[in-house]
Amino acid sequence: MVVFWAQLSTILGWTYTIIWSLSFYPQIWINYRRKSTTGISMDFLCLNPIGFACLTTYNLALYTSSTVREQYAARHDGHYPQVQPNDLAFAVHALLLSLVILSQTLIYKRGPLHQLSRFHRAVILLILSTISITLLLAWSGWVYWLDFILVLSYLKLYVTAAKMIPQAWYNYQRKSTVGWSIENIFMDLSGGILSLIQLVIDSALDHDWRGITGNPGKLGLSFLALGFDTLFLVQHYVLYRGAVHEDENVTAESSERDRLLAQSDAATAA
Numbered sequence: 039m040v041v042f043w044a045q046l047s048t049i050l051g052w053t054y055t056i057i058w059s060l061s062f063y064p065q066i067w068i069n070y071r072r073k074s075t076t077g078i079s080m081d082f083l084c085l086n087p088i089g090f091a092c093l094t095t096y097n098l099a100l101y102t103s104s105t106v107r108e109q110y111a112a113r114h115d116g117h118y119p120q121v122q123p124n125d126l127a128f129a130v131h132a133l134l135l136s137l138v139i140l141s142q143t144l145i146y147k148r149g150p151l152h153q154l155s156r157f158h159r160a161v162i163l164l165i166l167s168t169i170s171i172t173l174l175l176a177w178s179g180w181v182y183w184l185d186f187i188l189v190l191s192y193l194k195l196y197v198t199a200a201k202m203i204p205q206a207w208y209n210y211q212r213k214s215t216v217g218w219s220i221e222n223i224f225m226d227l228s229g230g231i232l233s234l235i236q237l238v239i240d241s242a243l244d245h246d247w248r249g250i251t252g253n254p255g256k257l258g259l260s261f262l263a264l265g266f267d268t269l270f271l272v273q274h275y276v277l278y279r280g281a282v283h284e285d286e287n288v289t290a291e292s293s294e295r296d297r298l299l300a301q302s303d304a305a306t307a308a
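Note that my numbering has the sequence shown beginning at 39, numbered continuously upward.
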């Protein structure tokens, strides 16, 4: 029976990793197809790579660093952190793809609302300062390396909330979710549920329910995914449902106008 649950945990882990990883691609495709990134908050785009850099470092340390793992075990009665290879694989992939999406803002059209807010400029500076100071403290021995890693997990949770709130507000300002991948939301929600189930199974197999709360990065990400993805689904299918069609109509009218102008110019030239 234990073998069954262990295998189920592995299957769930890699399933959520694949789903969460695939969730990045619809947004990249939408930006490419529209030749625009106006559907995404600039705060979201800039905060995303920072958050995933924190998550990658967090998972990498808890999975590979003997120092960090022993410090964790000392605080949890000999139990080691519930971080799996799929957690690390997802974090690395997410970091790379979030950088790709951010780079699209340098290539494609940006709207007047598409600017990094002053508030989040200050927040990014504060986050980088916190990381630098905590790293120096850990390096000098004033705090444990585990404490530095936990700070990264808390920063990742803050970044996740901080990037989602501006996106929800941006959708509200535009009264539209056009340009924001709803496929991404469905996959993110599914991955969050599977990630949470895997964490519960792993903690049960290790007979350590503190393994759930002892992994704030994974637990927090799952709950934030459930909460904000539900909000985005309500915005897309309930609050701003008609905006999708309005945007398509505007695009169609614009294309028709461009076609007529081109015909007129051709006739004049002839």
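Glycine included, C-beta positions come from ideal geometry on N, C-alpha and C.
In the DSSP assignment, Lys-147 is bridged to Ser-74.
Only residues of its own chain outside the window of five on either side were considered, and among them Asp-81 have a CB closer than 6 angstroms to the CB of His-158, listed in chain order. At a cut-off of 4 residues, the continuous stretches assigned as alpha helix (DSSP H) that sit fully inside the region 170–213 are 183–212. Here DSSP, grouped into helix, strand and coil, assigns Gly-258 to helix. Your pair His-117 and Asp-246 checks out as a contact, with CB atoms roughly 4 angstroms apart and the cut at 8 angstroms. The count of Cβ pairs closer than 8 angstroms, one atom from the region 225–239 and one from the region 40–48, reaches three, so the stretches are in contact.
Residue Leu-163 holds the alpha-carbon nearest to the alpha-carbon of Leu-85 among Asp-267, Tyr-146, Leu-163. Exposed is the label assigned to Phe-42, since fewer than 16 other Cβ atoms lie within 10 Å of its Cβ. Going by DSSP, Leu-50 is part of the alpha helix (DSSP H) stretching over 40–60. If you draw a straight line from the Cα of Leu-144 to the Cα of Ser-104, it is about 40 angstroms long.
Taking the CA atoms as reference points, Leu-174 sits about 10 angstroms from Trp-183.
DSSP places Thr-105 inside the alpha helix (DSSP H), whose first and last residues are 104–113.
The continuous alpha helix (DSSP H) containing Val-238 extends over residues 220–243. Between Ala-206 and Leu-269, the C-beta spacing is below 7 angstroms.
Check the Cα spacing between Val-40 and each of Pro-254, Leu-259, Asp-244: the tightest is with Asp-244. Thr-198 sits close to Gly-89, with the two beta carbons spaced by under 7 angstroms. If you ignore the 5 residues before and after Lys-147, its C-beta comes within less than 7 angstroms of the C-beta of Lys-73, Ser-74, Thr-76, all in its own chain and listed in chain order. The DSSP-derived three-state label of Gly-116 is coil.
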